[in-house]
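Residue numbers (the working numbering), protein chains in the order written: chain A, -15 to 186; chain G, -15 to 186; chain C, -15 to 186.
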């Protein structure tokens, strides 16, 4: 199991925990928590796979995804308070996760012969639609529609990755450059409370 | 047309009626009622087919599904009151339906070479996601997120089916064993008002 | 680029503008507006493609769809007021669009060897599910569930197209007949405020 796969699984786990915490906030029962953890963790990649026609979808080919998502439930059950307190500690892992999700999504899409513009879009979909599906299932307007969350960081890092790919093979340590860029944009967006209002001029 | 297919169609019909009744409760018009009956009846199997890559999805290959769903509308239109009064009478049919949906979903998934864990999950998806999509389209938090409905019975019956399959060909009359198990769990869950709260310990 | 493709792109553009206007009404930010414009414009065709197994989905094969959807944002940003005032002017374009979407959806489905009943249903899905997904993402009950919008016009025009196809090759100028029928039904439905209540008799 290579480094990329490990980071992918770690990102999935962090997303599952955040989904389980969100479900618990809403007084969902065991099944509600499981389903919300599941869609938050793999919903984005699943939608991407369905749209580009890469089925059976990704998480069906490696049971570790399901095991990790399932493991997030006892973790939240026994350690909710420390997890919530540690939530900010997730931040870095979360940012690494979306950076990697974006690039994995781009690569998978390019691998099917689709254009870089579509690949970039699918990279963003991989990162943000887990949260959108989570919010729709929770009967809330998706957070991302009103607050800059991930999408700009994904676009920035994904674009850098696509540009770099024109000149070199972006693998191994070089992957840290676009992923680092996602993290930087993400940190800036949060610390400076970036927002992207859309207020027509007329 | 074999017995399994007949029970599958009957289960679809019962689900369509329950979807149409739910839509009527919300004052939907004709199209709203049709769409809600449709997604309630075949939404779970459709999502399963899309995720495992078995497309065109199942109900496109046998028009009887569409005819039965369509037939549920005049039935609800002319016989709403007796149907609502008879709702509890649906209970057994409904339980047989989800038992069969679970096992059909498992078989279809195994048939594509996917693992038993994924197959079990897809069996549950086949049974419960019709209701989840119905609730999302009705702008409500899915009932299953807060109340034990089907999922535990599907998991229990589906697991039994998978275990039995290790030792024998589970066909014909033997199918009644896991399906009966689904019905028993379901009856117990309702009569004893089982719930699966998720209340973290810290 | 033939006439049909141009009308398809024009319909997509009109739908994107209406999606962006709807998002702006809800105070979504830039990403919210983009995503809502996107799903309104191509959501119906995307769902159709996923259900019939025609992936990667249609808009991935011609970047003009993405470019037009993206272009709808600055248009709404700079010209919201005139656009809103001109909304009724969209009406004809919108009606031509759904007429064409219906027939393109029917053709694509028939091309995969599926039956005319399924094709007609997929024609309707192509036209109406963009709006349904838009409403679900906006956390509202889909408008079409309570108010006759498009579906009856699509069914009428699509059925006429299927009947004509039995007797002749419906291409070129002849396409104007079923599309014109969609427009007529749509105009009648709006001007006479057609409704399709579903009020059970018992």
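Ideal Cβ placement from N, Cα and C applies to all residues, glycine included.
Same chain, Cβ closer than 7 Å to residue i, five either side skipped, listed in chain order
{"i": "residue 10 of chain G", "result": "122"}
{"i": "residue 52 of chain C", "result": "-7, -4, -3, 0"}
{"i": "residue 39 of chain C", "result": "33"}
Contacts that residue i makes with chain G (C-beta to C-beta distance below 7 Å)
{"i": "residue 185 of chain C", "result": "61, 62"}
{"i": "residue 230 of chain C", "result": "Because chain C spans -15 through 186 in this model, residue 230 of chain C falls outside it and cannot be assessed."}
Other residues of its chain near residue i: CB distance less than 6 Å, five sequence neighbours each side excluded
{"i": "residue 100 of chain C", "result": "146"}
{"i": "residue 164 of chain C", "result": "none"}
{"i": "residue 96 of chain G", "result": "36"}
{"i": "residue 170 of chain C", "result": "79, 137"}
{"i": "residue 106 of chain A", "result": "32, 89, 93"}
{"i": "residue 148 of chain G", "result": "154"}
{"i": "residue 173 of chain C", "result": "132"}
Candidates the options, of which the one nearest residue i by Cα
{"i": "residue 57 of chain G", "options": "G:-1, G:180, G:137", "result": "G:-1"}
{"i": "residue 186 of chain A", "options": "C:83, C:62, C:102, C:98", "result": "C:62"}
{"i": "residue 42 of chain G", "options": "G:33, G:7, G:6", "result": "G:33"}
{"i": "residue 112 of chain G", "options": "G:-11, G:-5, G:59", "result": "G:-5"}
{"i": "residue 191 of chain C", "options": "C:52, C:66, C:81", "result": "What the structure shows of chain C is the stretch from -15 to 186, and residue 191 of chain C is not part of that stretch, so it cannot be assessed."}
{"i": "residue 251 of chain G", "options": "G:54, G:48, G:181, G:172", "result": "Look at the range of chain G in this structure, -15 to 186, and you will see that residue 251 of chain G is not part of it."}
{"i": "residue 47 of chain G", "options": "C:67, C:103, C:68", "result": "C:103"}
{"i": "residue 115 of chain G", "options": "G:182, G:29, G:40", "result": "G:29"}
{"i": "residue 144 of chain C", "options": "C:83, C:130, C:27, C:180", "result": "C:83"}
{"i": "residue 131 of chain C", "options": "C:44, C:177, C:50", "result": "C:177"}
{"i": "residue 25 of chain G", "options": "G:118, G:39, G:69, G:140", "result": "G:118"}
{"i": "residue 166 of chain C", "options": "C:149, C:184, C:182, C:77", "result": "C:77"}
{"i": "residue 98 of chain G", "options": "A:45, A:69, A:85", "result": "A:45"}
{"i": "residue 49 of chain A", "options": "A:70, A:38, A:23, A:87", "result": "A:23"}
{"i": "residue 141 of chain A", "options": "A:72, A:85, A:39", "result": "A:85"}
{"i": "residue 128 of chain G", "options": "G:-12, G:181, G:70, G:38", "result": "G:181"}
{"i": "residue -9 of chain A", "options": "A:3, A:70, A:87, A:71", "result": "A:87"}
{"i": "residue 72 of chain A", "options": "A:175, A:179, A:39, A:184", "result": "A:175"}
Partner residues on chain C for residue i, Cβ-Cβ distance less than 8 Å
{"i": "residue 123 of chain A", "result": "123"}
{"i": "residue 93 of chain G", "result": "Correct list: empty, because the minimum Cβ distance to chain C is about 17 Å."}
{"i": "residue 137 of chain A", "result": "Correct list: empty, because the minimum Cβ distance to chain C is about 11 Å."}
{"i": "residue 30 of chain G", "result": "35"}
Listed by chain order, chain C residues near residue i by CB distance under 7 Å
{"i": "residue 12 of chain G", "result": "129, 130, 182"}
{"i": "residue 126 of chain A", "result": "121"}
{"i": "residue 65 of chain G", "result": "186"}
{"i": "residue 17 of chain G", "result": "182"}
Proximity test, Cβ basis, 9 Å: residue i and chain E
{"i": "residue 110 of chain C", "result": "Protein chains A, G and C are contained in the structure displayed, whereas chain E is not."}
Sequence-distant residues of its chain with Cβ nearer than 8 Å to residue i (five each side left out)
{"i": "residue 120 of chain A", "result": "126"}
{"i": "residue 1 of chain C", "result": "21, 56, 59, 60, 67, 74"}
{"i": "residue 109 of chain A", "result": "28, 31, 32, 35, 89"}
{"i": "residue 124 of chain G", "result": "none"}
{"i": "residue 139 of chain A", "result": "104, 108"}
{"i": "residue 64 of chain C", "result": "5, 8"}
{"i": "residue -14 of chain C", "result": "none"}
{"i": "residue 179 of chain A", "result": "131, 132"}
Amino acids of chain G, ordered along the chain, whose beta-carbon sits closer than 9 Å to that of residue i
{"i": "residue 47 of chain A", "result": "99, 101, 102"}
Partner residues on chain A for residue i, Cβ-Cβ distance less than 7 Å
{"i": "residue -4 of chain C", "result": "Within 7 Å Cβ-Cβ: nothing; residue -4 of chain C doesn't reach chain A, min ~15 Å."}
9 Å Cβ cut-off: residues of chain A touching residue i
{"i": "residue 36 of chain G", "result": "39, 40, 41, 44"}
Under 8 Å by beta carbon: chain G residues contacting residue i
{"i": "residue 96 of chain C", "result": "40"}
{"i": "residue 50 of chain A", "result": "101, 102, 105"}
task = Assess, as a yes-or-no matter, whether the segment 147 to 158 of chain A is touched by the segment 150 to 163 of chain G under the definition of 3 or more beta carbon pairs within less than 8 Å.
result = The segment 147 to 158 of chain A and the segment 150 to 163 of chain G do not touch, with fewer than three beta-carbon pairs separated by less than 8 Å.
inquiry  = Using a Cβ distance threshold of 8 Å, determine whether the segment 15 to 32 of chain G contacts the segment 128 to 143 of chain C, with at least three qualifying pairs required.
reply    = Enough Cβ pairs lie closer than 8 Å, so yes.
query = Is there contact here, the segment 91 to 111 of chain G with the segment 1 to 9 of chain G, by at least three beta-carbon pairs under 8 Å?
reply = Judged by Cβ distances under 8 Å, the segment 91 to 111 of chain G makes no contact with the segment 1 to 9 of chain G, as fewer than three pairs qualify.
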